[in-house]
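Numbering (the numbering used here), first residue to last: 121 to 283. C-beta atoms are modelled at their ideal positions from N, C-alpha and C, and glycine is treated no differently. Bear in mind the structure is a predicted one, so any value in this text is a computation, not a measurement.
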């Protein structure tokens, strides 16, 4: 695969930067058994054995650190690529004048993979927090806006890969 170019508006990049920063905070907090009861975090390290609690617990113990480390690395990659004129954009830096300005982000293969995994992980966390169980849920309510926007961005990234 060659480089993939994404076009984002300043406001999109700022809000995505903020989402990624919140995701990084979720991942950076120490993990313990009580924390694994957090359904959003648990969704990021799913059970390998749904019918065997002991086997699932053992599998999670052996794999969760590596999986969460990869998610941290991926989120850091996404954050590092969301730069406009060398600066990470934050929502409070967006003005009426620059909100719709477009800029391009060029992603290499590793960054594309990190973006795909991070956008998907963000959607998993949001789905859990919003109570979205499957694709049959009615998602046209405004409270699902960010969830739907992340799907739109994922689709755009997949189309850019195909091009």
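- When C-alpha distances from residue 163 are compared across 268, 247, 278, the shortest belongs to 247.
- Under DSSP, residue 226 takes part in a beta bridge, and its partners are 125.
- With a cutoff of 9 Å on beta-carbon distance, residue 131 and residue 198 are scored as not near each other.
- By the criterion of a C-beta distance shorter than 8 Å, residue 268 is surrounded in its chain by 259, once the five residues flanking it on both sides are discounted.
- Distance from the CA atom of residue 283 to the CA atom of residue 136, rounded to whole angstroms, is 23 Å.
- Rounded to the nearest angstrom, the gap between the Cα atoms of residue 140 and residue 173 is 31 Å.
- Sequence-distant Cβ neighbours of residue 245 in its own chain, meaning closer than 6 Å and more than five residues away, are 160.
- Going by DSSP, residue 143 is part of the alpha helix (DSSP H) stretching over 130-148.
- Our two residues, residue 262 and residue 243, have alpha carbons roughly 16 Å apart in a direct line.
- Per DSSP, reduced to three states, the secondary structure at residue 208 is strand.
- Rounded to whole angstroms, the gap between the alpha carbons of residue 272 and residue 236 is 12 Å.
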